[in-house]
Structures are given as C-alpha cells and as structure tokens.
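Novice: Each residue of the sequence shown is one higher than the last, beginning at 1 in full-length UniProt numbering.
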Amino acid sequence: MTHAPSDRFDPSTATIAIVTFNRSGLLARLLTSITTMDPKPGHIVIVDNASTDDTTDVVESFREGLEPARLVYRRMETNTGGSGGFSEGMKVAYELGSEWIWLMDDDVEVIPDGLAKMGKWAPRFKSIQGRRYDYDGSAFYWQYRVAERMGIPIPFAPAEFDESGFKPMNSGCFEGMFIHRDIVQQIGLPDPRFFIYWDDQMYGWLASRKTQSVIVDEFVLRRTREIKQWDMGIRHMNASSNAYRYYIMRNRAYIKKYYRALEVYNPIAFGLGTTLTFGKELIRLLFVERTVRGTSNLVRGLRDGRRISKDGSWRPMPPLEPHIV
C-alpha cells in the first residue's frame, strides 16, 4: 500500500526503533515499559550493536509480552555506534512500511500513553520531539535549536511553552525523535559515519529544512540512567567520555561537509562555533569531571576532522527510494 496523508493517527503504522549496546538491564526496563503501553506500535525494531552480554536472551524473553506489536531483532556484526545503529533501525522501519518512526536509546522508558500523546500531533507535523523526565523526575532540558551558521546548540533557548503547546525546532535528538516516513524518504537515513555525537542534531536540522519541526509539551519518555552533572543553576552540564570528546570535535568536519553541500557554510561563523565547542568541552572537563586529562582527545578529533574535510569523494546521505508494501 502507499501512504497518503491522513487526519487520523493509526498507532499500528508506527514503529519504535531502539539501539542498544551491552546494557541488557536498561533494555529490559525499556521493554517492560512498552508492554504496558496503550496503544502499542505496530512494530518494535531492536538494533543490537554486537553486545557481548545477555541482550539476545533478554530480547527473546519479551517477544510474547510485546504483542500485538511485532518484534524485529537485528544484531550487528560489529559495534557501529549510535549513528550506525539508528541508521539501521530507521532503514528496517522504513522497509517495513512504517508511516511513523519513533527512535530511542535503551536508557529510557516510555510513558504508558506516550504514543497516543505523540500521535495527537501527527496530523499537524512530520518531525516531532516530545519531552522527557530526567532520572530524578525533573523535566529534562534539551537544546532544541541550533545556531545554524556556527553549527552549535543554542543553550538558552526558552524552556517554557505558550498556549500552542509546541515550539519550532531546527535540531533533533534520537532519544525520542518521532518522524514521518515522507521526511525520511527525502533526507535519507541517519549518517552512520558520525559513529556517535552530532548525528541526531544534523538529522533534525536536515528534517527542519523539509518540514516544520517542533518540540511539543508532552512528557513521553523518562530517563533511567543517572549521569553525573554540574548544576549551573538554570542549566545542567553532563559528564562525558574520551570517546565523546573525540567525536564531538572530529564530527565538526561532517557538519562542515553537509553545510558546504547545502550551501550554508560560513567559514568565520563555523570556525567560531568550533572554538566555542572546544572551550565548552574544556569547561566540562574542569567542572564536571574535575580533570584536564582527556584534552588530547579533543585535539585528536580536530586533527582527524581535517582529513575528512579534505576528502573530495565525500557525499551526503542520499534520499531513499519510495518504498511500497
């Protein structure tokens, strides 16, 4: 069948796509929350990034409990990072004919009526982000807008909602992105070359160039993993890792490539964004992790990014062929 626009949301046309890696306990908690959902989606796709724990057994133990949703389990041969996992999850969901694809990591749980809350907005928008509770039950703040020319999140975009119940966004987060297949078809799959970090921001930005993207005042997810934070009063800064420090700088090169391809690249503004990103990560090291060790990963990321910038064969992710089921 082909997918025509509708003023009604059919939960059976939605797919939840989950990426997991060696966190079977968190995955089990997420799957348990899905068993209590009302309504449930038509499909649940789990992409396992070559876990070495008991993830496979955990997934199989939930197969019957998730019905009537159909469970599709894809185990990758190697760890492709969150970027590769979400790219594969999106691909599987798209090929299943899903009209809506709801992406999430394994360290959240779904509010029982979360899909109904997202579906309420589906007739109006095609790229939607819901809200999340943090580990402690507080509202999790996510930077939903980017300063386009600098390629960095705007940290102090207003957190409050007006009576409309939504705010325009030009970014994205794979911890809860709810996106229509029409937009996926136009912008292609998430780019696995990012491995981790900046991939969802870039994907959300690409989506916002095709449709009105919004964050809505609906709490639909809850984080289940506590992360060390620095309380800045009006905002928090989370702890990171050496891998994240490397990729946050290296992947600036991929953002630059997309900006060049779409003719929005401004070298001065983007260079300032890179400098601010480097400085922010130094602050994170000093005030969240109380160390300066890890700075070398930032430098290494910049160095490897320069090689990517010089790659003349690089191309953006291509649009997808319309898929008829």
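Where is the CB? At the ideal position from N, CA and C, for every residue including glycine.
Measuring alpha carbon to alpha carbon, tell me which residue in D199, R284, T211 and I255 is nearest I179.
Specialist: Looking at the Cα atoms, T211 is the closest of the given residues.
Novice: Looking only at C-alpha atoms, which of Y254, V264, R260 and Y244 sits nearest to K280?
Specialist: Selected option, being the one with the closest Cα: Y244.
Novice: Quick check on DSSP: helix, strand or coil for I179?
Specialist: If DSSP states are grouped into helix, strand and coil, I179 belongs with the strands.
Novice: With a threshold of 16 other CB atoms inside 10 Å of the CB of E175, please say whether the residue is buried or exposed.
Specialist: It counts as buried.
Novice: By the three-class DSSP mapping on this structure, what secondary structure does A14 have?
Specialist: The answer is strand: DSSP assigns A14 an E or B state.
Novice: Jot down the residue ranges of each uninterrupted beta strand (DSSP E) in the stretch 235-318, minimum 3 residues, whole runs only, in chain order.
Specialist: Listed in chain order, they are 236-238.
Novice: Does the count of Cβ pairs from the stretch 74-94 and the stretch 196-214 closer than 8 Å reach three?
Specialist: Result yes; three or more Cβ-Cβ pairs closer than 8 Å.
Novice: So that I know if they touch, is there some Cβ in chain B lying closer than 8 Å to that of G119?
Specialist: Of the protein chains in the structure, only one exists, and it is not chain B.
Novice: Since residue 340 contacts T52 with CB under 8 Å, what's their CB separation in whole angstroms?
Specialist: In the structure displayed, the chain extends from 1 to 325; residue 340 sits before or after that span and is not available.
Novice: Would you tell me roughly how many angstroms separate the C-alpha atoms of M37 and G172, rounded to the nearest one?
Specialist: Going from the Cα of M37 to the Cα of G172 covers about 24 Å.
Novice: If the criterion is Cβ atoms closer than 8 Å, does the pair M90 and A50 meet it?
Specialist: No; because the gap between Cβ atoms is not below 8 Å, this pair is not in contact.
Novice: Taking the C-alpha atoms as reference points, what is the distance between R181 and V214?
Specialist: R181 and V214: Cα-Cα distance of roughly 16 Å.
Novice: Which same chain residues, not among the five before or five after Y73, have their C-beta less than 6 Å away from its C-beta?
Specialist: Correct list, in chain order: I46 and V59.
Novice: Taking the alpha carbon of I152 as the reference point, which residue from R193, Y135, G204 and A116 has its own alpha carbon closest?
Specialist: Of the candidates R193, Y135, G204 and A116, the one whose C-alpha sits nearest the C-alpha of I152 is G204.
Novice: Count the other C-beta atoms from every protein chain shown that fall within 10 angstroms of the C-beta of A253, then say buried if there are 16 or more, exposed otherwise.
Specialist: Buried, by the Cβ-count rule.
Novice: Specify the secondary structure class of F194 as computed by DSSP and reduced to three states.
Specialist: Here F194 sits in helix by DSSP.
Novice: In the DSSP assignment, what are the bridge partners of I152?
Specialist: Per DSSP, A147.
Novice: State the DSSP-derived secondary structure class of A207, mapped to helix, strand or coil.
Specialist: Here A207 sits in helix by DSSP.
Novice: Would you mind stating whether Y141 and T224 have Cβ atoms separated by less than 8 Å?
Specialist: Not closer than 8 Å, so no.
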